[in-house]
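Undergrad:
2 protein chains.
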Amino acid sequence: MHLSTATRSVRGSAIRDLLALTARPEVISLAGGLPAAELMPRARIAEAAAKALTDPRSVQYGETAGLPALRAVLAAHETGRCGREVADVVVTTGSQQALDLVARALLDAGDDVVVEEPAYVGALQVFQAAGARLHPVGLDADGMRVDDLERHLRDGLRPRLVHTVASFHNPRGVTLSAPRRVRLAELAERYGFVVVEDDPYGLLAFDGAPPVPVAAHSDRVVRLGSASKVLAPALRVGWLSGPPEVLAAVELLKQCTDLCTSSLTQAVAAELVADAAWFDAHLAGVRDATAARARAFTAAVAEHLPGARCSVPTGGMFCWLDLPGVDTTALLPRALEAGVGFVPGSAFAVAEPAPSSLRCCYASHPEGVVDEAVRRLARAAT
Amino acid sequence: MHLSTATRSVRGSAIRDLLALTARPEVISLAGGLPAAELMPRARIAEAAAKALTDPRSVQYGETAGLPALRAVLAAHETGRCGREVADVVVTTGSQQALDLVARALLDAGDDVVVEEPAYVGALQVFQAAGARLHPVGLDADGMRVDDLERHLRDGLRPRLVHTVASFHNPRGVTLSAPRRVRLAELAERYGFVVVEDDPYGLLAFDGAPPVPVAAHSDRVVRLGSASKVLAPALRVGWLSGPPEVLAAVELLKQCTDLCTSSLTQAVAAELVADAAWFDAHLAGVRDATAARARAFTAAVAEHLPGARCSVPTGGMFCWLDLPGVDTTALLPRALEAGVGFVPGSAFAVAEPAPSSLRCCYASHPEGVVDEAVRRLARAAT
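Residue numbers (the UniProt record's numbering), protein chains in the order written: chain A, 1 to 382; chain B, 1 to 382.
1) Note down, in chain order, each residue of its chain lying with its Cβ closer than 6 angstroms to the Cβ of D111(A), except the 5 sequence neighbours on either side.
2) Helix, strand or coil for E116(A) per DSSP?
3) Hey, out of P333(A), G307(A), E271(A) and P213(A), whose CA is closest to T79(A)'s CA?
4) Is it true that the CB of P243(B) sits closer than 8 angstroms to the CB of D219(B)?
5) Give a yes or no on whether the C-beta atoms belonging to A98(B) and G238(B) are separated by under 8 angstroms.
6) Identify the residues that DSSP records as bridge partners of S311(B): which are they?
7) How far does the alpha helix (DSSP H) with S241(B) in it extend, from its first residue to its last?
8) Closer than 7 angstroms between beta carbons: that is the criterion. Which residues of the stretch 11-45 of chain A meet it against chain B?
9) Go through its chain and collect everything with a Cβ distance to V182(A)'s Cβ below 6 angstroms, but skip five positions before and after it.
10) What residues in its chain sit with their C-beta under 6 angstroms from that of S364(B), if we drop five residues either side in the sequence?
11) Taking 8 angstroms as the CB-CB cut-off, is R160(A) touching chain B?
12) Quick check on R104(A): buried or exposed, where buried means 16 or more other Cβ atoms within 10 Å of its Cβ?
13) Taking the alpha helix (DSSP H) that G339(A) belongs to, which residues open and close that run?
14) Jot down the residue ranges of each uninterrupted alpha helix (DSSP H) in the stretch 123-174 of chain B, minimum 4 residues, whole runs only, in chain order.
15) Just tell me which of D55(B), A130(B), G66(B) and E150(B) has its CA closest to the CA of V137(B).
16) If you compare alpha carbons, which of A48(A), C260(A), C360(A) and G341(A) is closest to R309(A)?
17) Of all Cβ atoms in chain B, is any one closer than 8 angstroms to the Cβ of E116(A)?
18) Buried or exposed: D155(B), going by 16 or more other Cβ atoms within 10 Å of its Cβ?
19) In the DSSP assignment, find the beta strand (DSSP E) that holds T93(A) and state where it starts and stops.
20) If you pair each beta-carbon of the stretch 247-257 of chain A with each one of the stretch 3-20 of chain B, do three or more pairs fall below 8 angstroms?
21) With three or more beta-carbon pairs closer than 8 angstroms as the criterion, would you say the stretch 221-233 of chain A touches the stretch 83-96 of chain B?
22) For S58(A), which beta-bridge partners are listed by DSSP?
23) In three-state DSSP terms, what is L235(A)?
24) Closer than 8 angstroms between beta carbons: that is the criterion. Which residues of the stretch 235-259 of chain A meet it against chain B?
25) Distance check for G32(B) and I15(B), CA to CA, integer angstroms please.
26) Of all Cβ atoms in chain B, is any one closer than 8 angstroms to the Cβ of T164(A)?
27) Between D100(A) and chain B, is there a C-beta pair that is closer than 8 angstroms?
28) Tell me whether the stretch 364-374 of chain A and the stretch 284-298 of chain A touch, counting them as touching only if at least three CB pairs, one residue from each stretch, are closer than 8 angstroms.
29) Within 8 angstroms of any Cβ in chain A, is that where the Cβ of V59(B) sits?
30) Could you check whether the Cβ of V214(B) sits closer than 8 angstroms to any Cβ belonging to chain A?
31) Residues of the stretch 180-192 of chain A in Cβ contact with chain B at a cutoff of 8 angstroms, in chain order, please.
32) Would you identify the three-state DSSP class for L184(A), choosing helix, strand or coil?
33) Identify whether R24(B) lies in helix, strand or coil by the three-state DSSP scheme.
34) Scan the stretch 360-381 of chain A for residues whose Cβ lies nearer than 7 angstroms to a Cβ of chain B and list them as they occur along the chain.
35) Could you check whether the Cβ of G94(A) sits closer than 8 angstroms to any Cβ belonging to chain B?
36) Using a cut-off of 8 angstroms between C-beta atoms, extract the partners of V340(B) located in chain A.
Okay, here's the thing in structure tokens:
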């Protein structure tokens, strides 16, 4: 059977493949980017679903761009986040679909795209499928090395898109500093590229103050948001805001892609986000619980893996560990045997494998389990 | 802003644009392909959702290929339909996503694809986005003119895919005859193409006996199914079966597209389809109600539009009317003024506009409303 160039260009997600291994009940998985199911508001979702289902429109096809009530409340939210009016959003089937549709809307095969090194694997897959030429730019404790990006631009690189997980990076755990956000926006204006600000974790800022978006500083930013980390992945509700012509192109392509996102799960999301008092309290609960897990993780690393370098979590779901002298790909089978799963850093590599690094998701388990996971990891590593 | 070739290749759906016009409360819309919301089992969906939400897995990410329980029950269903073992299905976010992913998995820009004339607009959009070269083959009362297809093949056409809505065609209302199904399968084997058997309406056979699928006769068929017309569009549950390498490619591309379909709506669909006694009774109810609406439609056409030619509905949701001497695109604004909406036949054209034809969906309204809609159409047309 002849398969398309796109199919042959996409590297399967090592992480999704790993999930099967780490799903064994005796393994504590720090591998998946799974928000904690027990922190998701199942009772409130059931209540909102029952209420939505009293209306026949909840089971019907809906507008491709999304349920008007949800679009309105999300646009108001984004306006608050960006400190300037965000007139409209398009709702997507998770923010992964937003990313895919933005790539399909803006990229032709051979176009240049800047990605972070290491990168969110789902973004690499999207750009591989689009046939883009990837140009990695490294990260440090302040996020993307915007100075390195600027050097590439001065040297003649003219990317169509620059993709960044600016807040609480997956997999590196770092956040783009405020001055770098301003600079990145300036570069977008000067060199004519579009920034894709992929922001599923921003609302999980442990101090309760999400970073000011890159989109606050330029019109050349497409911002992607998601309900998956703050309500539930099973709603499959994501959204994007940005230049009107990008939104129009995404809406057109969404017609061919899945016609519309579920009217039912959109009604649930609208109900929950519009109930501001409830939503703020819920968010605070998720944030505080996740912060406690992050503290448990870093404390356990300091105690049991004293030689490790560990990113400092200030939000989101991930820590990036470096175990000097350890090959983490070789470590993984031993770790699984010891009852703990993680993702080797090289799974996120664009051009530069990180053989001694690994990504751990601390968000999926309560503190005691997180601590036990790190103990097991330490046993396997020594 | 530079937009991609794909974006510039897709023609917006005239039908989706029409929905705004026909949504005015004084207009009876026969335009949308909307199943009747009042026939959808809202109470049963609410019950199944409440039950699913007692399990934390219902709100979490799930496997890309779909919820195992749903895949199993759908594979068993397909096995029954095809009369031979269908080992596996991949669940998609509606069957529109299945179509899009099959195209992305198998097509490169410039590949030849055979479509029906007139065609399902969502399929045309998918193939336009893929950059395919479209080759239309006409339909008659027995569905696709497979003899015409064969002539093209003998003349040297080597399509990668042949797309067909073989049962209760959208928009033409006709069904591919049993001998033509066998012949189409033989041609797929001989000439090495893949048949995409797009089958959202098969279970709505008014006599309760869905046509034997094309996939019963060859391994070179990808079959697409949908819960939208038999349960509810808002579940966004579709599926595909076919050659294992196609399913594997689709699963890989689905990782980049939306990671997974909603665990919650999949659990609801699994619960409802697995309850065979309930599902059969529910299906019979939808089928009978839809058949009554179809009879009301054709009776009203015979009475009020005596000059019209009308397809004979035996299942599904659509009638295709021809009003000799009438330009249906010019008729539409007058019809909307008279309080009825439809889709002009030319909206479905690939190469051959059908200026005096129109598509009517009889499934969305009770018999009395359908009758009134045809009266209004007759008033506008004369």
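We treat Cβ as the ideally placed atom computed from N, Cα and C, and that holds for glycine.
TA: So, from the data block:
1) A132 and R160
2) strand
3) P213(A)
4) yes
5) yes
6) According to DSSP, S311(B) bridges with nothing at all.
7) Note, S241(B): premise wrong, no alpha helix (DSSP H); beta strand (DSSP E) at G238 to S241.
8) G12, S13, R16, L34, A37, E38, M40, R42 and I45
9) H217
10) L34 and A36
11) yes
12) buried
13) Neither: G339(A) is in no alpha helix (DSSP H) and is coded neither H nor E.
14) 146-154
15) E150(B)
16) C360(A)
17) no
18) exposed
19) V90 to T93
20) yes
21) no
22) Looking at the DSSP assignment, S58(A) forms no beta bridge with any residue, so it has no partner.
23) helix
24) L235, R236, P243, E245, V246, A249, L252, L253, Q255, C256, T257, D258 and L259
25) 7 angstroms
26) no
27) yes
28) yes
29) yes
30) no
31) none
32) helix
33) coil
34) none
35) yes
36) Here the premise fails: no neighbours, minimum Cβ distance about 20 angstroms.
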